[in-house]
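Visitor: Residue numbers (our numbering), protein chains in the order written: chain U, 62 to 274; chain L, 62 to 274.
Using N, Cα and C, we set each Cβ at its ideal position, and we do this for glycine too.
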């Protein structure tokens, strides 16, 4: 587990101490998320598209319909920035100025390539599914050839990346600690709710074990 | 409340029926979120940065340290794509192929300008604070001149926008409904946890009412 190089592109400049460049920290965040925002530019016009992803070793997998703008651009090998943001809480300082968020985020820089090998493609699709919900891939009807043909899978090799993390209490100016203002962290929690059966689900099909939690 | 024009840039092409262009739908999603991902490109290199925001009428407000790369680029008036994504659940279809997410997302296209008027700047900062947590602005020590000087506020006029929404049950191929596979929606719920007091908080300061819920 080594460090990604710190370059003009990936360097965290604002509150530099929050910047991390080691694979361990970066991959832990990437592996904790499931939704990324993919940025690419077409003639200086940026687009930012939310999509599911998975990490496989030193690359990020995204997929979608072969005719989507994002996939069509990514398979051309345009430069990509993939950002994953996990929000942990609102940091309530005594001063408006020192309000902040507790979060873990990663920016990945690289370029994509279309995954053409059929086996590699299926492995990549399974990785995205597993990253969202373990065990579901095995419990679904696998993709057939027609479905695979209209799906593009893109592998983005991680050329550079950086993580930015903020955690813990607010940091106020020394003189503000005397103010009669409540300060602390309001946690933001994301969790699964109760599974809701499809209205067309046959009544003899039980909820699978991996959804019982 | 009218429609944004449907152009090459903002048109939802994949599953076009999920695309919405009316201000009412788009603003409802923007007003329900607090975190956006701002995309901009520098010499074809895209950057995607997570940040807080607020909507004021037909514009999006973002702010940050004047020396941040994002703010410095945005104040130059580069083209921007601001994306807000609210995830509501995982759509578990019988086929791997028809798995999806329930979500509400908006892409806004425009260019930013630096807010220089002091009154407008404070109103904009308050709007971002209110959008994150109502009542907190009034309960904080307001920004002083030194703090305002090192903060940049950018107003991005919404030139074009589109929303994309998916909701409800999975849609499977007709022949797949007979498969003995559980299908439905696994909701994803985001909520506030129990407020955690700053370790340096004086014990005589009570939790304010707006945090008691």
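1) For residue 270 of chain L, name the three-state secondary structure that DSSP assigns.
2) Between residue 105 of chain U and chain L, is there a C-beta pair that is closer than 8 angstroms?
3) On the DSSP letters alone, give me the boundaries of the beta strand (DSSP E) that residue 73 of chain L sits inside.
4) With residue 196 of chain U and residue 82 of chain U assumed to form a contact (beta carbons below 8 angstroms), what rounded beta-carbon distance in angstroms separates them?
5) Do the segment 190-208 of chain L and the segment 217-227 of chain U make contact, defined as three or more Cβ pairs closer than 8 angstroms?
6) In the DSSP assignment, find the unbroken beta strand (DSSP E) run with residue 164 of chain U in it and report its ends.
7) Quick one: list the residues of chain U neighbouring residue 258 of chain L, beta-carbon separation under 8 angstroms, in chain order.
8) Where does residue 80 of chain L sit, in a helix, a strand or coil, going by DSSP?
9) For the segment 136-158 of chain L, which residues have a CB atom closer than 8 angstroms to at least one CB atom of chain C, in sequence order?
10) Kindly indicate the opening and closing residues of the beta strand (DSSP E) around residue 216 of chain U.
11) DSSP on residue 206 of chain L, reduced to helix/strand/coil?
12) Of all the residues that make up the segment 89-123 of chain U, which are near chain L by a beta-carbon distance shorter than 8 angstroms?
13) Excluding the five sequence neighbours on either side, which residues of its own chain have a C-beta within less than 7 angstroms of the C-beta of residue 268 of chain U, listed in chain order?
14) Measure the beta-carbon distance from residue 254 of chain L to residue 216 of chain L and round it to whole angstroms, keeping in mind my assumption that it falls under 8 angstroms.
15) Looking only at C-alpha atoms, which of L:234, L:102 and L:70 sits nearest to residue 207 of chain U?
16) Consult DSSP for residue 150 of chain U and reduce its assignment to one of helix, strand or coil.
17) Starting from the C-beta of residue 200 of chain U, find all residues in its chain whose C-beta is less than 7 angstroms away, skip the five residues before and the five after it, and write them out in chain order.
18) One question on the structure: do residue 73 of chain L and residue 122 of chain L come within less than 8 angstroms of each other, judged by their Cβ atoms?
19) Can you tell me where the alpha helix (DSSP H) with residue 130 of chain L in it begins and where it stops?
20) Pull up the distance between the alpha-carbon of residue 79 of chain U and that of residue 239 of chain U, whole angstroms please.
Guide: Concretely, from the data shown:
1) In this structure, residue 270 of chain L counts as helix in the three-state DSSP scheme.
2) Under the Cβ criterion of 8 angstroms, residue 105 of chain U is counted among the residues facing chain L.
3) Under the DSSP assignment, residue 73 of chain L falls outside any beta strand (DSSP E); it carries neither an H nor an E label.
4) For a cut-off of 8 angstroms, the C-beta gap from residue 196 of chain U to residue 82 of chain U is around 34 angstroms, too long to register as a contact.
5) In the pairwise beta carbon analysis, the segment 190-208 of chain L is classified as not touching the segment 217-227 of chain U: fewer than three pairs are separated by under 8 angstroms.
6) For residue 164 of chain U, the uninterrupted beta strand (DSSP E) segment begins and ends at 161-175.
7) Chain U residues near residue 258 of chain L: 243, 244 and 245.
8) Of the three classes helix, strand and coil, the one that applies to residue 80 of chain L here is strand, per DSSP.
9) Although the question refers to chain C, the structure presented lacks it and instead comprises the protein chains U and L.
10) It spans 212-227 - the beta strand (DSSP E) in which residue 216 of chain U sits, taken as one unbroken run.
11) Correct three-state label for residue 206 of chain L: helix.
12) Within the segment 89-123 of chain U, contact with chain L at the beta-carbon level (separation under 8 angstroms) is assigned to 96, 98, 99, 100, 101, 102, 105, 106, 107, 108, 109, 110, 111 and 113.
13) The residues are 256.
14) Actually they are not in contact, since the Cβ atoms of residue 254 of chain L and residue 216 of chain L sit about 33 angstroms apart, beyond 8 angstroms.
15) Answer by Cα proximity: L:234.
16) Strand, per DSSP.
17) Hits under 7 angstroms: 269.
18) With contacts defined as CB atoms closer than 8 angstroms, residue 73 of chain L and residue 122 of chain L fail to qualify as a contacting pair.
19) Segment 130-136, the alpha helix (DSSP H) holding residue 130 of chain L.
20) Each residue's Cα considered, the two are about 27 angstroms apart.
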